[in-house]
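Undergrad: In the working numbering, the protein residues as written are 148 to 393.
Even glycine gets a Cβ: it sits at the ideal position worked out from N, Cα and C.
What you are looking at is a predicted structure, and each value in this text was computed from that prediction instead of being measured.
The structure under discussion is supplied below as structure tokens; questions concerning it will follow.
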Amino acid sequence: MEYTQNEQENNLPSHYIPTPITSISNNNNTHTNSNAAPSNQYSQIHSPTSRSKKITTTESVKSKTGYSSVNRSKKGANINEVIELVNSPDTRNHGLHKLLKISRDGSSQLLSSNFPSVLSSIMQCFSDPQGSIRELSLLVIKELLENQGELFLDHFNTLIPQIMDRFADDGKEVNQAAHEAMTEVLEVVPPTQCLHILINLIKQQDGPILLACVRNLAKLCYKIPPAYLQHQLPIFLPVLCVDTTA
Numbered sequence: 148m149e150y151t152q153n154e155q156e157n158n159l160p161s162h163y164i165p166t167p168i169t170s171i172s173n174n175n176n177t178h179t180n181s182n183a184a185p186s187n188q189y190s191q192i193h194s195p196t197s198r199s200k201k202i203t204t205t206e207s208v209k210s211k212t213g214y215s216s217v218n219r220s221k222k223g224a225n226i227n228e229v230i231e232l233v234n235s236p237d238t239r240n241h242g243l244h245k246l247l248k249i250s251r252d253g254s255s256q257l258l259s260s261n262f263p264s265v266l267s268s269i270m271q272c273f274s275d276p277q278g279s280i281r282e283l284s285l286l287v288i289k290e291l292l293e294n295q296g297e298l299f300l301d302h303f304n305t306l307i308p309q310i311m312d313r314f315a316d317d318g319k320e321v322n323q324a325a326h327e328a329m330t331e332v333l334e335v336v337p338p339t340q341c342l343h344i345l346i347n348l349i350k351q352q353d354g355p356i357l358l359a360c361v362r363n364l365a366k367l368c369y370k371i372p373p374a375y376l377q378h379q380l381p382i383f384l385p386v387l388c389v390d391t392t393a
């Protein structure tokens, strides 16, 4: 026996009666069909695109509320704590190792917040009574030059003479660390600037420091334009040719 649509609906339990599609789209309170496809709203909530948008929104909120500036202030506080560790003889070794870790992590922004103080603290360690501290401080400089060399551009006039002094150190390990640090210096410093610094040192130094200056100058010559180097020869050649045996 055939039934009309109204008769079919009257003879079926209410939960089997299909809900018209129009009622799903137009009335949010209407009971949805269990066989209906997932709505666009559900797919958007759980899609990767919507999650990335949510993360971006969260980051923008943090920025607007000063979250990033708070983080920067915390970083500044952290680097100041490390400087205090390096400045204290009792915690110097620990502080230098912290700087090594910071450098290897690539934290240029953290170091740049107070780099002059960081560098000054490290260079104070060059004359520490313990040879292991002197060696470690030079190795920290080497790491910083290798990973954050751009931070040194305004400090080579002070740094290079300090490193060269360590070539007269009694400790062989310190001499080797100074050699490694100067190797990195030559990779970072503008060649002509380094040339003038070494020339001034050649005029003032003797013994192992003079010898180290000459050796580094020889390495540097390959990076300087020949015409510029020839113009500088009358300045430092007379010093190199002085007879020191008399």
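Whose C-beta lies closer than 6 Å to the C-beta of Val287 among residues of the same chain, with five residues either side of it excluded?
TA: Same-chain partners within the cutoff: Leu243, Leu246, Leu247, Ile269.
Undergrad: Can you look up Asp312 in the DSSP assignment and give me helix, strand or coil?
TA: Reduced to three states, the DSSP call for Asp312 is helix.
Undergrad: For Ala324, does the count of other Cβ atoms within 10 angstroms reach 16, so buried, or fall short, so exposed?
TA: That one is buried.
Undergrad: Please list, in chain order, all residues of the same chain as Ser199 whose beta carbon is under 6 Å from its beta carbon, the five residues on each side excluded.
TA: At Ser199, the pLDDT of 35 sits below 50, so the modelled position is not reliable; the number obtained from the coordinates is stated separately. Excluding positions up to five away in sequence, the list is empty.
Undergrad: In whole angstroms, what is the alpha-carbon distance linking Val361 and Leu298?
TA: Distance between the alpha carbons of Val361 and Leu298 is about 26 Å.
Undergrad: Exposed or buried, which one is Leu380 when buried takes at least 16 other CB atoms within 10 Å?
TA: By the neighbour-count rule (16 or more Cβ atoms within 10 Å), Leu380 is not buried but exposed.
Undergrad: Excluding the five sequence neighbours on either side, which residues of its own chain have a C-beta within less than 8 Å of the C-beta of Leu306, listed in chain order?
TA: Here the set comprises Leu266, Met270, Ile288, Phe299, Val332.
Undergrad: Given a cut-off of 8 Å, decide if Ala359 and Phe303 are closer than it, judged by their beta-carbon atoms.
TA: Taking 8 Å as the Cβ cut-off, Phe303 and Ala359 do not qualify as a contacting pair.
Undergrad: State the Cα-Cα distance for the pair Cys368 and Gln352, rounded to the nearest angstrom.
TA: Those two C-alpha atoms are separated by around 20 Å.
Undergrad: Taking only the alpha-carbon atoms, compute the straight-line gap between Val229 and Pro276 and give it to the nearest angstrom.
TA: Between Val229 and Pro276, the C-alpha separation is close to 20 Å.
Undergrad: Is it buried or exposed for Ala328, if we count other Cβ within 10 angstroms and need 16 for buried?
TA: By the 10 Å Cβ count, Ala328 comes out buried.
Undergrad: At which residues does the alpha helix (DSSP H) containing Leu300 begin and terminate?
TA: Premise fails: Leu300 is in no alpha helix (DSSP H) and is neither H nor E.
Undergrad: If you run the structure through DSSP and keep just helix, strand and coil, what is Gln277?
TA: Looking at Gln277 - three-state DSSP - the assignment turns out to be coil, as it is neither helix nor strand.
Undergrad: Determine the DSSP secondary structure at Lys366, reduced to helix, strand or coil.
TA: Helix at Lys366.
Undergrad: Would you give the residue range spanned by the alpha helix (DSSP H) that Gly318 belongs to?
TA: Neither: Gly318 is in no alpha helix (DSSP H) and is coded neither H nor E.
Undergrad: With 16 as the cutoff for other CB atoms within 10 Å, does Asn175 come out buried or exposed?
TA: In this prediction, Asn175 has a pLDDT of 45, which is less than 50 and means its spatial position is unreliable; nothing more can be read from the coordinates.
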